[in-house]
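Down below is the structure, laid out as structure tokens.
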Amino acid sequence: MTVLVLGGAGYIGSHTVDQLVNGGYDVAVVDNLVTGHTEAVNPAARLYVGDVRDKEFMRTVFTKENVEGVVHFAAFSVVPESMQDPLKYFDNNTAGMIHLLEVMNEFGVKNIVFSSTAATYGEPKQIPIKETDPQIPTNPYGESKLAMEKIMHWSDLAYGIKFVALRYFNVAGAKPDGSIGEDHNPETHLIPIILQVAEGKRDKLQIFGDDYPTPDGTNVRDYVHVLDLADAHILALKYLAAGNESNAFNLGSATGFSNLQILDAARQATGKEIPAEMAPRRPGDPSTLIASSDKAREILGWKPNYDDVEKIIGTAWTWHETHPDGYSSK
Ligand code: UFG
378 MTVLVLGGAG
388 YIGSHTVDQL
398 VNGGYDVAVV
408 DNLVTGHTEA
418 VNPAARLYVG
428 DVRDKEFMRT
438 VFTKENVEGV
448 VHFAAFSVVP
458 ESMQDPLKYF
468 DNNTAGMIHL
478 LEVMNEFGVK
488 NIVFSSTAAT
498 YGEPKQIPIK
508 ETDPQIPTNP
518 YGESKLAMEK
528 IMHWSDLAYG
538 IKFVALRYFN
548 VAGAKPDGSI
558 GEDHNPETHL
568 IPIILQVAEG
578 KRDKLQIFGD
588 DYPTPDGTNV
598 RDYVHVLDLA
608 DAHILALKYL
618 AAGNESNAFN
628 LGSATGFSNL
638 QILDAARQAT
648 GKEIPAEMAP
658 RRPGDPSTLI
668 ASSDKAREIL
678 GWKPNYDDVE
688 KIIGTAWTWH
698 ETHPDGYSSK
């Protein structure tokens, strides 16, 4: 029996594929390589290059592979881009989920673990955010993922497809040996951008907004290591395989770091100066996002190994130092 990982050549997907292979799972990967990288896929996994929205292609994959569970990462995830081009997000993310569920239903595959996001909550009503809190996204990316959660809810009732939605907060870091890591083009995320400044590939960091209602005025986010996220997917697969009900879990550290604190931690982790300047707010950014992950700890038995943001940044720095041009570095 095989775990099928959609988007397994991407950042979080490739780390999860690696953990699955190392955990003894048989793994197949689907990725259209629009943002993913062939080199990121553990060679023990079988890679099918194609698009989740292409039902004929997906039928060939489900025919060849004896799929027992699906882990679905294949999505666009850049908040500012989603503000400029919302239809791109509803097409790839939300419509992609509909096509996928149709094919899963045809083949009788009943379990799916899916990447949701803190962005489904929007501007939180309370901190830390609980799974039962209102989900009112402030950007189309979060809206596209919330729609995916709702589609899954109704598909569970109608077709018996069980799901776990994992609502990630801010993922960071890389496999500590530096063999796989984060490589987006263009890069938009805070920690890799800071590390590109440390590498000398950018002149300076621009910090988007210093007038938020936070202690230092910059946005506060909750960072979780990519390998801890990968572990949570494996626990969620086990949870579904044991016959449990569909569920949603926050994945974060319950600790918030402001953008200025992250800059400081990166200066410590790299020993570099890292020039930075203040810049205007970025549209769609909530002020503070911090997760309560008690539910994932209690029900899934999730125990994150990384609780130190400097160590998390340190693993990303190892990747950046060994791969200054990402996967094209030789
Ligand atoms: N930021 C800067 N300068 C930059 C880049 C980012 O100041 O050059 C700031 C952002 O404004 C924000 C913080 O750094 O305040 C984090 O921004 P990221 O783009 O790294 O991450 P986001 O919080 O916007 O979004 C990430 C994922 C989303 C996910 C969200 C949930 O990209 O998919 O976390 O918290 F939904």
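In this note's numbering, the protein residues as written are 378 to 707.
Backbone N, C-alpha and C define an ideal beta-carbon position, used for all residues, glycine too.
Between which two residues does the alpha helix (DSSP H) holding residue 449 run?
The count along the sequence shown starts at 1 and reaches residue 449 at position 72. Per DSSP, residue 449 belongs to no alpha helix (DSSP H); it is in the beta strand (DSSP E), 444-449.
Which of the three DSSP states is assigned to residue 509 in this structure?
Taking the first residue of the sequence shown as position 1, residue 509 is located at position 132. Note: residue 509 maps to coil in three-state DSSP.
Could you compute how far the alpha carbon of residue 404 sits from the alpha carbon of residue 398?
Translated into positions along the sequence shown, residue 404 becomes position 27. Translated into positions along the sequence shown, residue 398 becomes position 21. The straight-line gap from Cα to Cα measures roughly 7 Å.
How would you call residue 655, buried or exposed, if buried means at least 16 neighbouring beta carbons within 10 angstroms?
What you label residue 655 is simply residue 278 of the sequence shown in a count that begins at 1. Exposed, because fewer than 16 other Cβ atoms sit within 10 Å of the Cβ of residue 655.
Output the boundary residues of the beta strand (DSSP E) element that contains residue 627.
Counting from one through the sequence shown, the residue named residue 627 turns up at place 250. First-last of the beta strand (DSSP E) with residue 627: 624-628.
Run the CB neighbour count on residue 475, radius 10 Å, all protein chains shown included, and call it buried at 16 or more, exposed below.
Taking the first residue of the sequence shown as 1, we reach residue 475 at position 98. Flag for residue 475 reads exposed.
Measuring CB atoms only, is the segment 610-622 touching the segment 539-547, in the sense that at least three cross pairs come out at less than 8 Å?
Output reads yes: the segment 539-547 touches the segment 610-622.
Within 10 Å of its beta-carbon, does residue 383 have 16 or more other beta-carbons around it, so buried, or fewer, so exposed?
Residue 383 sits at position 6 when you count from the first residue of the sequence shown. Counting Cβ neighbours within 10 Å, residue 383 comes out buried, since at least 16 surround it.
Nearer than 8 Å: is that true of the beta carbon of residue 467 relative to any heavy atom of the ligand UFG?
Taking the sequence shown and counting its residues from 1, one reaches residue 467 at position 90. Incorrect: residue 467 has no Cβ contact closer than 8 Å to the ligand UFG.
For the putative contact between residue 673 and residue 626, defined by C-beta atoms under 8 Å, what is the C-beta separation to the nearest angstrom?
Here the question's residue 673 lines up with position 296 in the sequence shown. Here the question's residue 626 lines up with position 249 in the sequence shown. Indeed, because the Cβ distance is near 4 Å, the residues count as touching under 8 Å.
Quick one: what does DSSP say residue 503 is sitting in, helix, strand or coil?
Counted from its first residue, the sequence shown places residue 503 at position 126. If DSSP states are grouped into helix, strand and coil, residue 503 belongs with coil.
Tell me whether residue 636 sits in a helix, a strand or coil according to DSSP, three-state version.
Here the question's residue 636 lines up with position 259 in the sequence shown. Residue state, collapsed to three classes: helix.
Is any non-hydrogen atom of the ligand UFG found closer than 8 Å to the C-beta of residue 449, if you look at the structure I gave you?
Sequence index remark: in the sequence shown, residue 449 carries index 72 (1-based). Result no, Cβ not under 8 Å from the ligand UFG.
Once the 5 residues before and after residue 698 are set aside, which same chain residues still bring their CB inside 8 Å of it?
Within the sequence shown, residue 698 is the residue found at index 321, counting from 1. Cβ neighbours of residue 698 beyond the five flanking positions: 555 and 576.
How far does the alpha helix (DSSP H) with residue 476 in it extend, from its first residue to its last?
If you number the sequence shown from 1, residue 476 lands on position 99. Note, residue 476: alpha helix (DSSP H), 473-483.
Which word fits residue 685, buried or exposed, when buried means at least 16 other C-beta atoms lie within 10 angstroms of its C-beta?
As a first step, residue 685 must be located in the sequence shown, where it is residue number 308. Exposed, by the Cβ-count rule.
Output the boundary residues of the beta strand (DSSP E) element that contains residue 415.
In the sequence shown, residue 415 corresponds to position 38, counting from 1. Unbroken run through residue 415: none, as it is neither H nor E.
With a threshold of 8 Å, establish whether the CB of residue 382 neighbours any heavy atom of the ligand UFG.
Taking the first residue of the sequence shown as 1, we reach residue 382 at position 5. Because no heavy atom of the ligand UFG lies under 8 Å away, the Cβ of residue 382 does not count as near it: no.
Cα separation between residue 426 and residue 628?
Here residue 426 is taken as the residue at index 49 of the sequence shown, counted from 1. Here residue 628 is taken as the residue at index 251 of the sequence shown, counted from 1. Each residue's Cα considered, the two are about 29 Å apart.
Pick out the complete alpha helix (DSSP H) segments inside the segment 384-426, 4 residues or longer, and give them in chain order.
Fully enclosed alpha helix (DSSP H) runs of 4 or longer: 388-399.
Could you give the DSSP three-state label for residue 598: helix, strand or coil?
On the sequence shown, position 221 is the one that residue 598 refers to. Looking at residue 598 - three-state DSSP - the assignment turns out to be strand.
Quick one, which of 605, 500, 604 and 495 has its alpha-carbon nearest residue 544's?
Counting from one through the sequence shown, the residue named residue 544 turns up at place 167. The option with the nearest alpha carbon to residue 544 is 495.
On a Cα-Cα basis, can you pick out the residue from 521, 430 and 665 that is closest to residue 347?
This structure gives no information on residue 347, because the portion of the chain shown stretches from 378 to 707.
Count the other CB atoms, across all protein chains shown, that sit within 10 Å of the CB of residue 730; report buried if there are 16 or more and exposed otherwise.
A query on residue 730 cannot be resolved here, the shown segment of the chain reaching from 378 to 707 and no further.
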